[in-house]
Amino acid sequence: MLHSRRLRQRAILMSSLRSFFAARGFLEVDTPIRQPVIIPERNIEPLRSGDAFLQTSPELSMKRLLAQGCSKIFQICPCFRKNEKGRRHLEEFTMLEWYHSGENYQKLMEDCEHLLRHVLRELSAADALEDAVAPFFPGYDLQKDWEKITVKEAFQRYSPCSLQQSLSDNSFDEILVEYVEPHLGMGSPAFLIDYPLELGSLARAKADNPHVVERFELYLGGVELANGFTELTDEGEQRRRFCQELKEIENSWGPDLVMPERFLFDLGRLQGAAGIALGVDRLLMLALGIDDINDVVTFSPADFF
Numbered sequence: 003m004l005h006s007r008r009l010r011q012r013a014i015l016m017s018s019l020r021s022f023f024a025a026r027g028f029l030e031v032d033t034p035i036r037q038p039v040i041i042p043e044r045n046i047e048p049l050r051s052g053d054a055f056l057q058t059s060p061e062l063s064m065k066r067l068l069a070q071g072c073s074k075i076f077q078i079c080p081c082f083r084k085n086e087k088g089r090r091h092l093e094e095f096t097m098l099e100w101y102h103s104g105e106n107y108q109k110l111m112e113d114c115e116h117l118l119r120h121v122l123r124e125l126s127a128a129d130a131l132e133d134a135v136a137p138f139f140p141g142y143d144l145q146k147d148w149e150k151i152t153v154k155e156a157f158q159r160y161s162p163c164s165l166q167q168s169l170s171d172n173s174f175d176e177i178l179v180e181y182v183e184p185h186l187g188m189g190s191p192a193f194l195i196d197y198p199l200e201l202g203s204l205a206r207a208k209a210d211n212p213h214v215v216e217r218f219e220l221y222l223g224g225v226e227l228a229n230g231f232t233e234l235t236d237e238g239e240q241r242r243r244f245c246q247e248l249k250e251i252e253n254s255w256g257p258d259l260v261m262p263e264r265f266l267f268d269l270g271r272l273q274g275a276a277g278i279a280l281g282v283d284r285l286l287m288l289a290l291g292i293d294d295i296n297d298v299v300t301f302s303p304a305d306f307f
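Residue numbers (the numbering used here): 3 to 307.
Given below as structure tokens:
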């Protein structure tokens, strides 16, 4: 359970996120947390709620709002993912997502740089009023140029095997976590960009390389902080990818997921967009120099026993 000073810091973070997007003309939205249909993603298992699911992300609803004519929207909300437990994972956590119509993943990376610097200023200004001197984002310089490294380059530099081999034997996630991530975002943030097509089921393929998608993850101190991409808006291609995801899911944890038909219909009306999800609890953890995500949420699961 958070003490009063950390509760204030969490509140300041939330306020700074909202002020950042409000100043840039974004509309804050709120969408249902409990959903009868979800986006099928093989690596994310939802928590069930009766005959529905608790959202793993507000992505489905927010993209449908884009299709209805909203151009710049954001949301801060609770999300739920089964078996996500550890120093950097919680089954219930707070997510920030924002979406631009007519933009691509390069714009989202720019947003990330401006957002984290804004958060740093807001937290520092509030702390100065209390005569506190502890630095935020200790050990990191947010003002330096942020590195951009492709997934292929990162595997060539840090992995004991090739990227293609890791995809062939389904060891990509293991190799990424053990060998690649510890080198990313050390000293200043880094973007891991241009994922293989197999690892971006909702992202648009690059025009000059159809085997790679316009997706990135933001890292700080080896911790993944955000995942963003240029949205795939081809309804037929998205359906094909979802079919593959549903097959994989049926073979692992969920035979009862269905195709999100209304989502696909609305997706076909999108001309182009970019969207990103950022972990708010992880952001606060990194800003305060704390190593355990349980220490930055108001109540951790252990606080109830």
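C-beta: ideal position from N, C-alpha, C; glycine also. Owing to the predicted nature of the structure, the values given are computational and were not obtained by experimental measurement.
Pairing T232 with A205 gives a Cβ-Cβ distance under 9 Å. G238 carries a helical assignment under DSSP once its states are collapsed to helix, strand and coil. Look at I75 here: in three-state DSSP terms it is strand. With contacts defined as CB atoms closer than 9 Å, I40 and T58 qualify as a contacting pair. Between S203 and E247, the CB-CB gap stays under 9 Å. Beta bridge pairing from DSSP links M97 with C79 and G281.
In its chain, beyond the 5 residues on either side, G189, G223 and G291 have a beta carbon closer than 8 Å to the beta carbon of G141. Inter-residue distance for K154 and V215 is about 12 Å (C-alpha atoms, whole angstroms). Residue L68 holds the alpha-carbon nearest to the alpha-carbon of S103 among E93, H116 and L68.
It is roughly 41 Å from the alpha-carbon of L29 to the alpha-carbon of Q158. Excluding five sequence positions before and after R89, the CB atoms of its chain that fall closer than 6 Å to its own CB belong to D294, given in chain order. Excluding five sequence positions before and after S164, the CB atoms of its chain that fall closer than 7 Å to its own CB belong to F157, given in chain order.
When secondary structure is reduced to three states using DSSP, I177 falls in the helix class. Within the same chain, Y160 come within 6 Å of H185 by CB-CB distance, once the 5 residues on both sides are set aside. Cβ neighbours of R50 within its own chain (closer than 8 Å, five residues either side excluded): L56. In its chain, beyond the 5 residues on either side, K84 and W255 have a beta carbon closer than 6 Å to the beta carbon of E47.
Of the other Cβ atoms in all chains shown, fewer than 16 fall within 10 Å of the Cβ of N211; this residue is therefore exposed. Exclusion of the five residues before and after E219 leaves L194, E226 and N229 as the residues of its chain whose Cβ lies within less than 6 Å of its Cβ.
If you ignore the 5 residues before and after E176, its C-beta comes within less than 7 Å of no other C-beta in its own chain. Going by DSSP, S51 is part of the beta strand (DSSP E) stretching over L49 to S51. Under the criterion of beta carbons closer than 8 Å, I251 and R44 qualify as touching, at roughly 5 Å.
A straight line joining the alpha-carbon of F174 with that of L286 spans about 28 Å.
Bounds of any beta strand (DSSP E) do not take in V153; it lies within the alpha helix (DSSP H) bounded by V153 to Y160. Secondary structure of R206 (DSSP, three-state): coil. The continuous beta strand (DSSP E) containing R217 extends over residues N211 to L222. Look at the stretch 250–302 and you find these whole runs of alpha helix (DSSP H), each 4 residues long or longer: 263–269 and 282–290. Here the C-alpha atom of Q167 lies approximately 15 Å from the C-alpha atom of Y181.
Put simply, of D283, A279, D258 and D236 the residue whose alpha carbon is nearest the alpha carbon of G270 is D236.
Of the candidates H5, T96, T33 and C114, the residue whose Cα lies closest to the Cα of I278 is C114.
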